[in-house]
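Have a look at the structure below before the remarks.
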Amino acid sequence: MTDQQFESLDDYESFIQRQIESWPPTRRTVLAAAMAERWLHAYEAFSLSESWGDPAVLRQGLEAVWAVVRGDPAAMDWSRLKNQLHEVTPHLDDFDANEALCVCVMVHYAALCCQQAENQSHAVMAVLSGLEAVRPDLLTGDHVPTRWWRQASLQRELNKQLRLIAHLNALTDLRDVPAGLRPFLSDSAIVGEVRPRKAKKAPIALSNRSAFEMYKRMVQADIRGAAGNLDPKQNQELGSILYLAAWLGRYHRRKDLITGEYGALADRAALDRLVAKNRARDRAERDLPAWEAEVRWVIDTTYQNSFNRLDVNAVDAPHGYGPSLRKLWVEAKRRGLSDVEAWESIKAWADHQPEAWSMSSKRRKQSLEALTEYLDRPITWKATADPDFPWRADIEGAAWLIRLNDFPDELMYSLLLGGTVVADFHDWPKAWQRE
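Okay, structure coming up:
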């Protein structure tokens, strides 16, 4: 049978139909289950690699099928198995896992073979799913290109299927399957062939400069987009909600950038200290706002809703990614502002564009020139307990300090010599070492 030549998928499908047409339903069920057994290793490898899915669901389904074949089926909820298979079937939009998906399909068809006496079409589809495991989209098009059909890997799978069918056709007693069949199915000349994947490249970590520019573009786009939003002063019944939304938007941008939602940042040493610094500043503000009960309820509900993706669930908890709503409000009231003015100051924070964003190329060049003689100099920096100045070096009797700024609204670092700022800069120099 392995010497058969087939000109097309239709030709091969017709051949399989003729081969199993005279088979009893149980032998067809064995064929469908054997196809899934041949390929089950592909799903197991996928699940292990991606930490997703559940091979036990597929194994449980196959064991139920084999029980039916042996004539001693346990009570099986086939509808429940169908739902479980759906839950653990990978979606190709999320994973490069065509073989794993096809294994789930094969188990599904094997289960259908147990439920219907007229199961020839289900067995055929289990066989063809093995071809699609090798050649994605093989069964979805109206016409299979000749170059696909002649693909070496597809022809190898086809020949393995023909060997399987010949082997099953020769079996005289199906009661000893799958135990008697598994050695054959685990033979390297029979198991499904998973195509090799290119090794995943580790994503390139973002520099502070790249992250700063990305954040700048995002916030500027947010500000332009918010221009058409409702004016809180003209919609007083929604005022606190609109002001709260403005603060949330800016805070989310800062949080998502620092936590790597837009791409991991390389400078973890600075980011960890930056978050600690933000929390220390927020913790230092001990006063609580005297909001009206209705306003406080809206704010508390927002904090407690995990959908809002805040790093804390209470307004008085130390915030790690920028000033809290509480801190901004208390500071505004301390300046003697009215409630409306305090809310407007919070919106001003959400909409502000820092001076660092508008620095001219000339000023930026001058700043870099001021740093040149220091950046290439090998320096060992010692960690301090000061969150604002986390690194210090004593050079030639002078104290050199690194200040951690309000990134990403400001450049990450400033270099200070003798208490005077030399320049601001984005990324930690390669020649510098730090604790």
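So in our numbering, the last one in the sequence shown is 422, and the numbering has no gaps at all. Beta carbons are placed, not taken as given, at the ideal position from N, Cα and C, and that holds for glycine.
| Query | Result |
| --- | --- |
| Cβ pair Arg204, His239 closer than 8 Å | no |
| Distance between beta carbons of Ala98 and Trp455, contact taken as under 8 Å | Since the first residue shown for the chain is -12 and the last is 422, residue 455 is missing from the structure and cannot be characterised. |
| Helix, strand or coil at Ala20 [DSSP, three-state] | helix |
| Buried or exposed (CB count within 10 angstroms, at least 16 for buried), Trp284 | exposed |
| At least three beta-carbon pairs within less than 8 Å, the stretch 161 to 172 to the stretch 374 to 388 | no |
| Where Thr288 falls: helix, strand or coil (DSSP) | helix |
| 8 Å contact criterion, which Ala19 and Cys100 should meet: CB distance rounded | 5 Å |
| Under 8 Å between C-beta atoms of Gly236 and Asn265 | no |
| Range covered by the alpha helix (DSSP H) that runs through Trp415 | Careful: Trp415 lies outside any alpha helix (DSSP H) and carries neither H nor E. |
| Through-space distance from His413 to Trp419, alpha-carbon basis | 14 Å |
| Neighbourhood of Trp26 by C-beta distance below 7 Å, restricted to the same chain and skipping five residues each side | Glu86, Cys89, Val90, Met93, Gly117, Ala120, Gly179 |
| Separation of Ala110 from Ser1, as counted between CA atoms | 13 Å |
| Buried versus exposed, by CB contacts within 10 Å (16 or more), Gln207 | exposed |
| Of the listed residues Val114, Glu50, Glu37, Tyr230, nearest to His78 (C-alpha basis) | Glu37 |
| CA-to-CA distance, Ala343 to Gly212, given in whole angstroms | 22 Å |
| Coarse secondary structure for Lys369, derived from DSSP in three states | strand |
| Which residues DSSP lists as bridging Ser401, in chain order | Arg390, Asp411 |
| Residue(s) in a DSSP beta bridge with Arg379 | Lys369, Leu388 |
| Beta-carbon gap between Leu161 and Ala251 smaller than 8 Å | no |
| Which residues DSSP lists as bridging Arg313, in chain order | According to DSSP, which records beta bridges pairwise, Arg313 is partnered with nothing at all. |
| For Trp419, the first and last residue of its enclosing beta strand (DSSP E) | 419 to 421 |
| N-terminal and C-terminal residue of the alpha helix (DSSP H) that Pro219 is part of | Careful: Pro219 lies outside any alpha helix (DSSP H) and carries neither H nor E. |
| Environment of Asn216 [buried if 16+ CB atoms lie within 10 Å] | exposed |
| Assigned exposure category for Ser9 - 16 Cβ within 10 Å defines buried | exposed |
| Reduced DSSP category for Thr(-11) - H, G, I as helix; E, B as strand; rest coil | The predicted model places Thr(-11) with a pLDDT of 48, which falls under 50 and marks its position as unreliable; any figure quoted below should be read in that light. Correct three-state label for Thr(-11): coil. |
| Inter-stretch contact at 8 Å, needing at least 3 Cβ pairs: the stretch 315 to 330 / the stretch 260 to 279 | yes |
| Within-8 Å CB hit, Val90 to chain D | No chain D appears in this structure, which consists of one protein chain only. |
| DSSP three-state assignment for Leu115, whether helix, strand or coil | helix |
| Environment of Thr159 [buried if 16+ CB atoms lie within 10 Å] | exposed |
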